[in-house]
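Going down the list, the protein sequences come from chains A and B.
Note that the numbering used here gives residue 446 to position 446 of the first sequence, counting from 1, and the numbers run on in steps of one.
Note that the numbering used here gives residue 1117 to position 117 of the second sequence, counting from 1, and the numbers run on in steps of one.
Here's the structure we're looking at; comments come further down.
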Amino acid sequence: MPPDNSRSSSSRSLWRLRHYLRPHLASLVFTWLAAVAGIAATIVIPLVSKEIIDGPIARSDLGALVPLGLLALGLGVAEALLTFIRRWGQTGVVIGVETAIRDDLYRHLQRLPMSFHDEWQSGQLLSRATTDLSTIRRFFGFGLLFLVMNVLQLTTVTGLLLHMYWPLGLLVAASAVPITIVTLRFERRFMKAARQVQDEQGDLATIVEESALGIRTIKAFGRGGHVFDRFDGKAGEVYRTSMKKVRLASRFFTFLEVIPNATLALVLLLGALAVGGGSLSLGTLVAFTTLMLQLVWPIASLGYIIAMGQEAMTSADRVLEVMDTPPAIVGGELVLDRPRGHLRFEGVGFEFPSRQVLSDVWLDVRPGETVAVVGATGSGKTTLTALVPRLADVSAGRVTIDGLDVRDLTLESLRQTVATAFEEPTLFSMSVRENITLGHHEATEAQVETALEIAQATFAYDLPWGLDTRIGEQGMSLSGGQRQRLALARAILGQPRILVLDDTLSALDVETEALVEEALRRVLADVTGIVVAHRASTVLLADRVALLAGGTVTHVGTHHELLAGVPEYRELLAAEEVSVD
Amino acid sequence: MTDWRGVAAEQKDDLPTSVTDLLRTRSRDLLTDLLTPHRRNIVALVAIIVASSAAGLSIPYLVKVGIDYGIPHGTGTLLVIVGAVLVAALIQAYTRRAFLALSGRVGQDILLELRRRVFRHFQRLSLAFHEKYTSGRVISRLTSDVEAIGELLESGFDGLVTAVLTLVGTAFMLLVLDVHLGLAALVPIPFLLLFTRWFRRQSSIAYRRTRETVALLIVHFVESMTGIRAAQTFRREPRNQEIFETLNGDYGGANMRTMHVISIFMPGVKLIGNVTVAAVLLYGGWLAIQHEVTVGVLAAFLLYLRQFYEPMQEISQFYNTLQSAGAALEKLSGVLEERPEVAEPDEPQAVAGRGQVRFDGVEFGYTDLQVIERLDLTISAGQTVAVVGATGAGKTTLAKLISRFYDPVVGRVLLDGVDLRDLDEPTLRGAVVMVTQENFLFSGTIADNIRIGRPGAPLTDVMAAAAAVGAHDFIMSLPGGYDAEVGKRGGRMSAGQRQLVAFARAFLADPAVLILDEATSSLDVPSERLVQRALRTVLAGRTAMIIAHRLSTVEIADRVLVVEGGRIVEDGPPHDLISEGGRYAGLHDAWQASLA
Ligand SMILES: Nc1ncnc2c1ncn2[C@@H]1O[C@H](COP(=O)(O)OP(=O)(O)OP(=O)(O)O)[C@@H](O)[C@H]1O
Ligand SMILES: Nc1ncnc2c1ncn2[C@@H]1O[C@H](COP(=O)(O)OP(=O)(O)OP(=O)(O)O)[C@@H](O)[C@H]1O
Ligand SMILES: [Mg+2]
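This is the structure we're talking about:
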């Protein structure tokens, strides 16, 4: 969901990317020199031909023909060689720039907080990382050079024309006025359309992504048609906006071809009259018109190049829009040396843009203690746990570990201290091992094994290639319980001081759950734990229970205390017993 | 570095490159197929561009005439000629604009058709395909591949047609001017052809590689953005960055290779052209000295030769976009060629029953794992069956077979006596609906998401369904109520809330057979109780399969199946099973103990 953006600072956006060219400055200069030399060769070759015709052939001098012919050959070879150097050299530059921007974009995206990622669809991000960057690459690699060369050629030839016969030269120069006006107008409108197409393509990518990720739901309800209509609607929008672009461009490109031709006709008329009046020689008129013909192509191709530049600018805009988003969550300075794991919520409040979820939460979890957080669906348990590793930041109060505000700790140190097993196991289409180790690339085989044993996930060894088996995207080639146990193993693996389990046993059968709890009890004996639970059996893992209601912790005590003293709690947890009896 | 992805049985990544010819015919077929409906327009385009080029080419000629005849013959003739120049310019402008607009439209039409076709096909392909293909690759097919083709359509026709016209015209002129010299000038053509063949080979290899590397890049990008929460929590960022940079480097390398191939080819063509010019100069010069050709002819030759090799550059530029589009076409035609493993029947049958489900000697396994071993089972219409068992026992797999996410390897699954394979999609989905373990919310409003159950349902029905599962209250408490946005993948809802919405969806769908796969696992107890109460009324007269670990849900079932290692080991009414003291009794005891 990209914020709509009507800034007109686009050319500046592109200009701001110039520092990516810096490492390539040397080869850039070299290739541009080659380009200029190449043009020189291109211009000289016809001169040599002229020389041959006027010299050896006119004088029937066979001896002089050979050296001049060889010169033409040499120049021809040189021209090809220079073109080769320009192209080859340029390749390295533009690919280098594109790759570097993409690496940086990705790095930046990884630093942006969850609040950003909750809002931005990956389709939009993806279209920036692929389509937009290739557009920029193409402009840097091709458009820019031609733009400069065309302008160069245009000004030299116009200068030459002015020099030859200034009244007609002035006429030619004046034809630049309508071109400039129309170009500016076109630029604004084309830019808007280009931006719109790019955004819509991002939306389209988003729909594609959703339809691929949600394929099970779509199939389960047989809603392929429905999803197709959604896609078709958006594809239709892209179609219409692209057509708008096509129409704009067709008018503009045509205009750019008409103007020089119309000017030519005028020049011919006025020139002929001038020749008749004797103020202009016939030879000059011939030269003049020949030169003018040379202008037609550079002006006409200007249209393509300007359009290309426009697209590169909007692309740069879109890329920088992401790059300019400041990472709202950055680490502090402090490092927890030997964390004890004393976790405190001190008057914590949290709100999403539209709604307050937590307010004035006080909770003290002593080192080594485990506290269960119990609350109704949607009461804010997950939100509360997300504040500890700073997936989100409190909007009031503070969260401390060993007395230090989590916002003062480096992210590295904080996230090493805290590990979370999420309610939804987030798995990737990689090997099982890589999924479990994630950030702990250095984990030993023995550590992995221990974690898998605690999580009762040793089934992983029985997969066709053991831990090297690739599990489908989001772990889809595993059963629900298997996915959850892998996610649990992942959290345990880092031997964190603070372990957060967010309703992590919900997909396990009773027997497996009992086994996991048994093993977890041993793990939790040493570490500080927060266990989000809906079931009494899980609550029993904890020493104390905190009841979350109305956005704050209303009661803290042992399971039995709360069961006896708090009707709300009884309602939440003990009801099953009542209904069974 | 390359081992992070792990091993998979059947790497559905990409096709082996050895079968190039097959690929080429396949993508050519697709292209022909796409172009055929537009053949009239294409003919029109060619006509327009011929007219436009003729008008364009006539202008220099008219200028020459103007100078040669107009000036000597006075103002009247001159005005006629200037008028002709203007008319030619106008014709050119008009045809040019018509051409650009028409070719743009044809291109966009084709793109739209291609997008639609590929998208629809992806939707048609079975889950088994999607599990291996991954969403990232789906996205890369529908974005970067389609865009590569778009580029061809955008600039392709124009460049090619103009270039070919100039090329043929020039060659003709050369031969007309002087056969000897003309033939000499055309000697390099075989070399040119050979060189072009080399280029075609190289660049098609190179472009194919870019398609493959960009797909991997996209897959990694999309997955790591989708799972960013885990990546940040577990400090995966450096490793992700490392992987990304490797993939990005590969992609850059592949792109570099395509550009290197061009940077050899283009100057190469230029070299051939320039050498020819020099040779013509020498040979032509010699001929001129021998007075076998005139100086004028030689001059014209040199001009035309340049004109001959200029469009070659343009043609190779076109060739280049063509190659890139060709590689994309290969990938797309590959997707379009995939046949859904779970195919629509040729002669769909009707069902007229109330939802009896029967497994008839069913065996099933995923590619590398046997899961269901010879199963015979009948669930009579209207029965509520609970399925319990250890995780990974195969419960979900059973449910997926009834929903026909997969077809059994051996045996049949029947709905009211009809093999599921003989039912068409609307009939099957109208009759059987499954709430999957992983509930997926689409970005949009809550009402939109519930309406997945029955598109077009009035809001009152949506509300009734939500109220039935106890979701109404929380929805009303959200700012916007039913029009509240759920966010990307339902991110603005809590896990339990997502589950309730998914549940309401199934209620709205109102099928004959309802399958609930751990549909209440993330709910708190009171909400779960509400759902159970609702289930009692909703399931009356409906066939239902409920998979649950919390046996409270099982209490409402008429019959319990205990699954173990892909077999049904116990089958009977819950109370009978408890009194018999088998597996279920054990589970039930354990569950009761866990409540204490
Ligand atoms: N990104 C968001 N934007 C707006 N509101 C949100 C967002 N994420 C969550 N909420 C809301 O905040 C509330 C708390 O959500 P949270 O996920 O913390 O609940 P929970 O207690 O973990 O519930 P559950 O038991 O269902 O997992 C919910 O009402 C939810 O709708
Ligand atoms: N798409 C798949 N590809 C390969 N193997 C799979 C796939 N889906 C499931 N499996 C395997 O099949 C077995 C049965 O899985 P299933 O999902 O049916 O289990 P389940 O009984 O539903 O478990 P749970 O209670 O954990 O959901 C498991 O070993 C699982 O790893
Ligand atoms: Mg939660």
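Virtual Cβ for every residue (Gly too), placed ideally from N, Cα, C.
- Distances between the C-beta of Y1366 (chain B) and the heavy atoms of ligand 2 include at least one below 7 Å.
- At the C-beta level, I179 (chain A) and L256 (chain A) come within 8 Å of one another.
- With a cutoff of 8 Å on beta-carbon distance, L1034 (chain B) and E1113 (chain B) are scored as near each other.
- In the DSSP assignment, M1266 (chain B) falls within the alpha helix (DSSP H) that extends over E1237 to I1289.
- The count of Cβ pairs closer than 8 Å, one atom from the stretch 455–472 of chain A and one from the stretch 414–433 of chain A, reaches three, so the stretches are in contact.
- Taking the Cα positions, R338 (chain A) is about 19 Å away from T1233 (chain B).
- Your pair A235 (chain A) and R1115 (chain B) checks out as a contact, with CB atoms roughly 5 Å apart and the cut at 8 Å.
- The alpha-carbon separation between S354 (chain A) and A1484 (chain B) amounts to approximately 11 Å.
- The way I'd put it, the stretch 1334–1343 of chain B doesn't touch the stretch 1185–1194 of chain B; fewer than three beta-carbon pairs between them come closer than 8 Å.
- When DSSP states are grouped into helix, strand and coil, S1027 (chain B) belongs to the helix group.
- For S134 (chain A), the enclosing alpha helix (DSSP H) stretches over residues L133 to R138.
- Placement of the Cβ of V1562 (chain B) at a distance of 7 Å or more from every heavy atom of ligand 1 is found.
- The C-beta separation of T130 (chain A) from M1259 (chain B) comes to about 17 Å, leaving the pair out of contact by the 8 Å criterion.
- Put simply, the backbone Cα of L1031 (chain B) is about 35 Å away from that of R188 (chain A).
- Residues of the stretch 1390–1423 of chain B with a C-beta less than 7 Å from any C-beta of chain A: A1390, T1391, G1392, T1396, S1403 and F1405, listed in chain order.
- Per the coordinates, the alpha-carbon of Y106 (chain A) lies some 59 Å from the alpha-carbon of G1083 (chain B).
- DSSP, reduced to helix, strand and coil, places V527 (chain A) outside both helices and strands of the structure shown, so it counts as coil.
- Put simply, the backbone Cα of G1249 (chain B) is about 20 Å away from that of R87 (chain A).
- One thing to note: D1145 (chain B) has its Cβ within 8 Å of the Cβ of A1328 (chain B).
- Contact between V1563 (chain B) and G1444 (chain B) is absent: CB atoms are separated by about 36 Å, not below the 8 Å threshold.
- Relative to ligand 1, K192 (chain A) has its C-beta separated by 7 Å or more from all heavy atoms.
- Under the three-pair Cβ rule at 8 Å, the stretch 497–516 of chain A counts as touching the stretch 534–550 of chain A.
- Within chain B, the residues whose beta carbon sits less than 7 Å from that of S122 (chain A) are V1222, M1225 and T1226, listed in sequence order.
- In the structure shown, D1376 (chain B) falls within a strand segment according to DSSP collapsed to helix, strand and coil.
- Listed in chain order, the non-local C-beta contacts of I1446 (chain B) below 7 Å within the same chain comprise I1475, Y1482, A1484, V1486 and V1501, local neighbours out to five positions each way being set aside.
- Fully enclosed beta strand (DSSP E) runs of no fewer than 3 residues occupy 1513–1517 of the stretch 1453–1536 of chain B, in order along the chain.
- Among the CB atoms of chain B, one or more fall inside 8 Å of the CB of E79 (chain A).
- Using a Cβ-Cβ cut-off of 8 Å, L1034 (chain B) does not count as an interface residue toward chain A, since no Cβ of chain A sits closer than that to its own.
- DSSP places Y1406 (chain B) outside both helix and strand once states are collapsed to three, so it counts as coil.
- Flagged as an interface residue toward chain A: G1491 (chain B), by a C-beta distance shorter than 8 Å.
- Residue burial annotation: Y239 (chain A) is buried, with at least 16 other C-beta atoms found within 10 angstroms of its C-beta.
- In terms of beta-carbon proximity, Q447 (chain A) stays away from the interface with chain B, with every pair separated by 8 Å or more.
- For H1130 (chain B), the uninterrupted alpha helix (DSSP H) run begins and ends at L1127 to Y1133, by DSSP.
- Taking the CA atoms as reference points, Y20 (chain A) sits about 27 Å from I39 (chain A).
- For V1063 (chain B), the closest C-alpha among the options A:L264, A:F228 and A:L81 is that of A:L264.
- In this structure S60 (chain A) is exposed. Its beta-carbon is surrounded by fewer than 16 other beta-carbon atoms within 10 angstroms.
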